[in-house]
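First the structure, in the form of structure tokens, and then the observations on it.
Protein chains in written order, with this note's numbering: chain A, 1 to 383; chain B, 1001 to 1394.
This is the structure we're talking about:
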């Protein structure tokens, strides 16, 4: 520790150069933090997804419906706590470009399945009493300026009602707060019982059953039992955990992930050259100073360590700044809305620190070795 | 004139001393090459996506959807509407006087990708009996065409190469049917090559769906589009939107390609900032390495403009080399690579990364801007150097 001021002085020997190098490293780690943070953030967010929730859909594809009669049979399975359902409504408001993610559901059961979503009990009661009632997410209400009590026309690209129209009128009976879930939670729910009566075709069709189970460890067993129950029936099912479902949706994005990794690779490779060059220059300029240190009795190893420490200090400090900056970006409201409660994953910070140390060693070692090998007489003579 | 001679002389001298500063100069070259390579290859994705979509669709074809539908997936046209659309003005007729149209429907199939087995959504399109006249660009490259009224499909070339289980003779399962693959088709590199096709009536009867989703019509000429559109919108029995086919497909890929472009510019921009500082560093050290040389030249009467120009020229040349290397790397590694992503309402879209000459030029322009920004301040330092002090430092 007593050498710290020496290392520090060496680092700031040429202020502009150190500052510029540092900014480059900060930028590189900012990029690393952002890309890997989002990447890891997705999988971390997915891992925290409830494993005690299962999603049942038709085996042939999620847009193929299943009969409503499955509901009771799934509910009767041992270990099942609650079952709700989703039927796509495919809604829009006023114009097909203003999409409203609307689903028909059994509201009372739905909020038993999604325990983390906050709703006032009186809203649930009102939903039960009002056939044409809808529950909407608070963010959607703000977006369109809707209030509880409003009557709104919602168009659908799929369903015509028995009156022959594809614009349905609903009464908003309550709002809910789904911030604990994040972006992916559908924001608009109508009563399935009403929907099923009023639609002119497709009666009795459901697209998803969402099953909440008592013990997450039983997820595999119950999934298998559900699928086995409907094997060889007219509509076979596929049951997935929430995690598996989210992952398969992300997979649809395809090769995007590879690109993020390739960019980070290119950035770090470039960085290595930059830092190595800075350290090399700085040691070359200080040849005579290092020789003086050796004359004063500093051992070869000590000189090597001094230079290495300097390189380490430069990289770690700049990396911390860069990743810190990325963490601040993640706190911005826009990103919070996208990911739910999201912060820089610890794993990414650790990876960042690891990479900073690696870069410091690889780039610091050649000049440090050079410093170690310095011959006092030659160095002082400027040879 | 004298100034230009000075600039030339000093710049030439600079370049002759470049070999002594190889490692510092390499930093600029490599740094900028990295920025340009990343920028160009990410942009190549959105260019490739747009190009595939632009290939899809001709100006003399129009697509008819239910009014208010953004995409075929959310559209529905009953048989009656489909019949009325066929009578629209401006549709091309064949030798027998029959209109050339194709009423189509589609459903989503779950397939698996070859490279990582991930499950993806692929479009199975049901087409009308006159599809080959509507889309003359469709060629069967392997096997044969599907027969009407049997569960046979033909698969697009891209789908065939990217997704599992689509060889001729394979069977694809969907709700209510097992489809036998009987042929592979190509359509000149457009988005249909990522999909499967069968006969619309077969698909409708299996899905027990009463309706089509879109009608594609071949027009007399691109200019008959307005007449066609007007004749349909003035028909009170129809509630439809008429779009030029090319515009429709461009619209479908717009979101995805915008997102990719934004990523490219944000990431490229951040990297460029880093590279500017790397260049600043290099050029400052280049200037300080030549401190005495510059001072001597100034003492001999060389102007400060010559100093500025020489440093800038050095930065620019290094940047240019880096930019060209970066663009070439992107071209070598990524041009023609096939990737796939979710294409909006189009299911999984397979497309080639396109490193076009325009993109490579864009990359080199970025490199030059970075070079100039990184060279400017060091150049000014060289020009402002107090001669006497610099010489005394010897």
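All residues carry an ideal CB built from backbone N, CA and C; glycine is no exception. Owing to the predicted nature of the structure, the values given are computational and were not obtained by experimental measurement.
Interface criterion met: the Cβ of residue 1069 of chain B is under 7 Å from a Cβ in chain A. Apart from sequence neighbours up to five positions away, the residues of its chain that approach residue 1237 of chain B with a beta-carbon distance below 7 Å are 1084, ordered along the chain. When secondary structure is reduced to three states using DSSP, residue 1365 of chain B falls in the helix class.
Within the segment 1151 to 1169 of chain B, no residue places its CB atom closer than 8 Å to a CB of chain A. At a beta-carbon threshold of 8 Å, none of the residues of chain A lie near residue 1307 of chain B; the nearest stands roughly 18 Å away. From the listed residues A/202, A/175, A/80 and A/200, the smallest Cα separation to residue 189 of chain A is found for A/175.
Between the segment 1223 to 1235 of chain B and the segment 1116 to 1130 of chain B, the count of C-beta pairs closer than 8 Å stays below three; the two stretches do not touch. The closest CA to that of residue 1068 of chain B, considering only B/1292, B/1214 and B/1268, is found on B/1214. Around the CB of residue 1033 of chain B, 16 or more other CB atoms lie within 10 Å, so the residue is classed as buried. Counting along the chain, residue 286 of chain A sits inside no beta strand (DSSP E), nor does DSSP assign it H or E at all.
For a cut-off of 8 Å, the C-beta gap from residue 364 of chain A to residue 293 of chain A is around 17 Å, too long to register as a contact. If you draw a 10 Å sphere on the C-beta of residue 91 of chain A, you find 16 or more other C-beta atoms in it, and that means buried. Where residue 373 of chain A is concerned, the enclosing alpha helix (DSSP H) starts and stops at 346 to 373. In the DSSP assignment, residue 213 of chain A falls within the unbroken beta strand (DSSP E) covering 208 to 213. Between the C-alpha atoms of residue 1171 of chain B and residue 1112 of chain B there is a straight-line separation of about 14 Å. By the Cβ test, the segment 54 to 69 of chain A is not in contact with the segment 112 to 132 of chain A, since fewer than three Cβ pairs between them sit closer than 8 Å. Secondary structure at residue 175 of chain A: strand, using DSSP grouped into helix, strand and coil. The three-state secondary structure of residue 1064 of chain B, taken from DSSP, is strand. Approximately 14 Å separates the beta-carbon atoms of residue 1323 of chain B and residue 1355 of chain B; this is outside 8 Å, ruling out the contact.
In this structure, DSSP gives residue 1279 of chain B a helical state, which the three-state scheme calls helix. The beta carbon of residue 1222 of chain B is closer than 7 Å to those of 1059 and 1060 in its chain, skipping five residues each way along the sequence.
Residue-level contact check: residue 61 of chain A touches chain B, since one or more beta carbons of chain B fall below 7 Å from its beta carbon. In this structure, residue 1126 of chain B sits near residue 1200 of chain B, with a CB-CB distance shorter than 7 Å. Within the segment 1260 to 1292 of chain B, contact with chain A at the beta-carbon level (separation under 7 Å) is assigned to 1267, 1270, 1271, 1273, 1274, 1277, 1278, 1280, 1281, 1284 and 1285. Taking 7 Å as the threshold, the shortest C-beta distance from residue 1024 of chain B to chain A falls below it. The Cβ of residue 1027 of chain B sits closer than 7 Å to at least one Cβ of chain A. For residue 109 of chain A, the closest of A/316, A/19 and A/212 by C-alpha to C-alpha distance is A/212. Under the Cβ criterion (8 Å, minimum of three pairs), the segment 269 to 284 of chain A counts as touching the segment 303 to 323 of chain A. For the segment 1177 to 1221 of chain B, the full-length alpha helix (DSSP H) segments reaching 4 residues or more read 1200 to 1207 along the chain. Counted as a single uninterrupted DSSP element, the beta strand (DSSP E) harbouring residue 1141 of chain B occupies residues 1139 to 1143.
Distance from the Cα of residue 1382 of chain B is smallest, within the candidate group B/1295, B/1148, B/1224 and B/1151, for B/1295. In the structure shown, the three-state DSSP call for residue 33 of chain A is helix.
The beta carbon of residue 81 of chain A sits closer than 7 Å to the beta carbons of 212, 213 and 214 from its chain, once the five residues preceding and following it are set aside; these are given in chain order. Taken in chain order, the members of the segment 96 to 113 of chain A whose beta-carbon sits within less than 8 Å of a beta-carbon on chain B are 96 and 97. In the three-state DSSP reduction, residue 1267 of chain B falls in the helix class (H, G or I).
The shortest C-alpha to C-alpha distance from residue 1316 of chain B to any of B/1375, B/1015 and B/1380 is the one to B/1375.
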